[in-house]
Amino acid sequence: MKHFRLSETRIDAAALRITLENPAAGGCVTFEGWVRNHNEARAVTRLDYQAFAPLAEDEGEAILAEATSRFALRAARCVHRVGALAIGDMAVWVGASADHRDAAFAACRWIIDEVKRRVPIWKNEHYADGESGWLHPDSTPADVPPR
Amino acid sequence: MKIRLLYFASLADRAGRAEEIVDTQAPAPRDLYAEVAEIHGFAFPIERLRVAVNGALTAWDHALADGDEVVFLPPVSGG
Numbered sequence: 034m035k036h037f038r039l040s041e042t043r044i045d046a047a048a049l050r051i052t053l054e055n056p057a058a059g060g061c062v063t064f065e066g067w068v069r070n071h072n073e074a075r076a077v078t079r080l081d082y083q084a085f086a087p088l089a090e091d092e093g094e095a096i097l098a099e100a101t102s103r104f105a106l107r108a109a110r111c112v113h114r115v116g117a118l119a120i121g122d123m124a125v126w127v128g129a130s131a132d133h134r135d136a137a138f139a140a141c142r143w144i145i146d147e148v149k150r151r152v153p154i155w156k157n158e159h160y161a162d163g164e165s166g167w168l169h170p171d172s173t174p175a176d177v178p179p180r
Numbered sequence: 079m080k081i082r083l084l085y086f087a088s089l090a091d092r093a094g095r096a097e098e099i100v101d102t103q104a105p106a107p108r109d110l111y112a113e114v115a116e117i118h119g120f121a122f123p124i125e126r127l128r129v130a131v132n133g134a135l136t137a138w139d140h141a142l143a144d145g146d147e148v149v150f151l152p153p154v155s156g157g
């Protein structure tokens, strides 16, 4: 079974939670990333996520495998949306179950941070003023006009 | 040799396409990026990109072969 996947449809958090269940687990920590209506002081109306799917799935699986070796987990899963999302939609779900809460909290935080850092998924924000732009977070501008 | 390029996010917008096949003598992704950046006006310096060949992240000096699929990955923004 895949531990990481991309989804073109709404994420079902209740169904995913069940995949974390294990008789030895003392609890789980889950994270839901939602589409918010603002970013960097601009009003956001909706966004699109685009992925390089084969590599995104491989990187996602690698992150969850690494999490399982770094932390004392019973289970870990992640689902990330692609396509068009509205304000309030769930963009990403991460869950980790463990015998004890420290490992579950630490793993959940580590997984979402690694997904944001490594998995080839890009966000195109659409703003209230009609503009839109792909986000390429870094210290320098994402793109500048042609020479 | 012929190389298939896939473009994502702002690189696809700038190139005006999601993919293309180029006939090139570029020995490695580093040289290929310089070629297509010149054609399409890509502004990213190579230091801000990663490169995947045939679906796997690889080094900028990896030797390219005819029929390879190359993707230049701009900084990601998932989550």
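These protein sequences, in sequence, are chains A and B.
Here this note's numbering is used: the first residue of the first sequence is 34, the next is one more, and so on.
Here this note's numbering is used: the first residue of the second sequence is 79, the next is one more, and so on.
Ideal Cβ positions, reconstructed from N, Cα and C, are used throughout, including at glycine.
Among the residues facing chain A, L151/B is included, as its CB has a counterpart in that chain under 7 Å away. Distance between P56/A and V129/B, taken at the CA atoms: about 42 Å. Of all C-beta pairs linking the segment 83-96 of chain A to the segment 135-153 of chain A, three or more are shorter than 8 Å, placing the two stretches in contact.
The beta carbon of W138/B lies closer than 7 Å to those of A106, P107, R108, I124, V129 in the same chain, with the five residues before and after it left out.
Given a length threshold of 3 residues, each whole run of the beta strand (DSSP E) inside the segment 53-138 of chain A is given here in chain order: 60-67, 75-84, 106-114, 116-119, 123-131.
Less than 7 Å separates the beta-carbon of F37/A from that of C111/A. By the criterion of a C-beta distance shorter than 8 Å, S165/A is surrounded in its chain by N157, E158, H159, once the five residues flanking it on both sides are discounted.
Counting along the chain, the unbroken alpha helix (DSSP H) around R108/B starts and ends at 107-118. By the CB criterion at 7 Å, A98/A and I144/A fall outside the cutoff.
DSSP places I51/A in the uninterrupted alpha helix (DSSP H) bounded by 46-51.
In the structure shown, K149/A adopts helical secondary structure according to DSSP, grouped into three states.
Within the model, the alpha-carbon separation for A109/A versus V125/A is close to 14 Å.
DSSP places S88/B in the helix class (H, G or I) of the three-state scheme. Residue L89/B holds the alpha-carbon nearest to the alpha-carbon of A115/B among L142/B, M79/B, L89/B.
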